[in-house]
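Inspection log for the structure reproduced underneath, given as structure tokens.
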Amino acid sequence: MDLNGSYSFNAPPERVFDLMVDPKIVAACLPGCEQLEALGENRYRAVLSMGIAAITGRYEGVVELQDLERPVSYKMLVEGKGKPGFVKGGGEVRLSATESGTKVEFSGKAQVGGAIARVGQRLMGAASKVMTDKFFACLESKLAEQEPSGG
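Each residue of the sequence shown is one higher than the last, beginning at 2 in the working numbering.
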């Protein structure tokens, strides 16, 4: 399954990048995230609960960030499993400065197995789109909360 998309933020790339690699922010913004604990530098144990059709269940896995080039890009590897099946994948996140702030583009691939694989690519694609939309909307609100006040 291919995953890709882009989002725009009204903030400089450095601020957006820092939020996107901050485990506390990621844990707060990732839909269904119950736990995100450090296992080492840029490596985390994640526990997620999902409630979407056959994807419903609790998943545990590892998320690893690699090749961090602040504020331009990083790579992410994800591996997890739960009663409904497993997911394994990786991708790249790229940030670029725009006139109004930052454009974030992501692309990656995921393999799924077990009951999750039987729900089909369309449902998986729709579920991942809902999750990424919620994640980026939350990031946007976190950026707004941290907006330096003029005065």
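The C-beta atom is built at its ideal place from N, Cα and C for all residues, glycine as well. Note that the structure is a prediction, hence the values are computed from the model and not measured.
Who are the near neighbours of residue i in its chain, counting only those whose CB is closer than 7 Å to its CB and skipping five residues on each side?
i	result
G115	P85, G86 and F87
P32	M132, K135 and F136
G83	G58, R59, Y60 and E61
G6	F107 and T133
C34	A28, A47 and L49
Quick check: the Cα distance between residue i and residue j, rounded to an integer number of angstroms?
i	j	result
Q112	P24	24 Å
G152	S101	At G152 the pLDDT is 40, less than 50, meaning the model places this residue with poor confidence; the figure from the coordinates comes in the next sentence. In a straight line, the C-alpha of G152 is about 21 Å away from that of S101.
A128	E148	30 Å
What residues in its chain sit with their C-beta under 6 Å from that of residue i, if we drop five residues either side in the sequence?
i	result
Y8	V105 and F137
K89	E80 and Q112
E65	R44 and L78
C30	F136, C139 and L140
Who does residue i pair with in a DSSP beta bridge?
i	result
S108	N5 and E93
V113	V88
V73	Answer is none; V73 lacks a bridge partner.
C34	L49
For the ligand FAD, is there a heavy atom less than 7 Å away from the beta-carbon of residue i?
i	result
A118	In the structure shown, the ligand FAD is absent, as is every other ligand, since no ligand is present at all.
Residues in the same chain with beta-carbon distance under 8 Å from residue i, minus the five sequence neighbours each way, listed in chain order, please.
i	result
I117	A55, I56, P85, G86, F87, V88 and M125
Q67	N43, Y75, K76, M77 and L78
For the putative contact between residue i and residue j, defined by C-beta atoms under 8 Å, what is the C-beta separation to the nearest angstrom?
i	j	result
R46	V63	6 Å
S74	V48	With a Cβ gap of about 27 Å, S74 and V48 do not count as contacting.
L4	G109	5 Å
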